[in-house]
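To start, the structure under review is shown below, and the notes come after it.
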Amino acid sequence: MMKTRLDRHLMAFSAVAAAGASAGFVNNAEAAVVSSGPVNINVPSTTAGVYLNVVTGANSSSPAAAPGWDVNPWSGTGLSYFNPSAPAGGVYVQRTGGGATANLAVGTMISAGSVYG
300 MMKTRLDRHL MAFSAVAAAG ASAGFVNNAE AAVVSSGPVN INVPSTTAGV
350 YLNVVTGANS SSPAAAPGWD VNPWSGTGLS YFNPSAPAGG VYVQRTGGGA
400 TANLAVGTMI SAGSVYG
């Protein structure tokens with residue numbers, strides 16, 4: 300009798316777990332590095348620089364010619380990055396404590412706790 304009740308309990312628990320997994324309650328996050336190989340894009344030494352959409356690869360010195368652009372390196376004398384108007388607070392991770400946009404070390408965690416600007 301006890302074994303039968305225990306079996307029914309475990310069977311019910313297994314059914315609930317299976318239903319939860321198939322209903323999307325268990326989410327898996329997957330990330331992959333996507334490489335397009337070497338890509339040479341000229342960054343003009345101007346105040347316009349180049350607008351680049353990292354998903355489509357579209358790039359231009361005009362934002363209208365690179366719809367949905369993600370990054371805009373520019374400068375006539377050095378290298379600066381222009382922030383799009385959204386999201387507020389900037390989109391580039393900066394050095395700890397603020398400052399210029401940084402080349403992050405391999406394995407650096409990027410999260411809500413990172414400094415953006």
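Numbering-wise (the working numbering), the sequence shown opens with residue 300 and increments by one. Glycine included, every Cβ here is placed at the ideal spot set by N, Cα and C.
The residue among GLY406, TYR380 and VAL405 with its C-alpha nearest the C-alpha of TYR415 is TYR380. Rounded to whole angstroms, the separation of the alpha carbons of LEU378 and VAL392 is 15 Å. Rounded to the nearest angstrom, the Cβ distance from PRO372 to SER360 is 11 Å, too far for a contact under 8 Å. Listed in chain order, the non-local C-beta contacts of ASN352 below 8 Å within the same chain comprise ASN358, ALA365, PRO366, GLY367, TRP368 and ASP369, local neighbours out to five positions each way being set aside. Here SER413 has VAL392 as same chain residues with Cβ atoms under 7 Å from its own Cβ, once five neighbours each way along the sequence are excluded. In the displayed model, PRO372 falls within a strand according to three-state DSSP. GLY348 counts as buried, since no fewer than 16 other beta carbons sit within 10 angstroms of its beta carbon. In this structure, the straight-line span from the alpha carbon of THR345 to that of GLY375 is close to 5 Å. A straight line joining the alpha-carbon of ASN402 with that of VAL333 spans about 19 Å.
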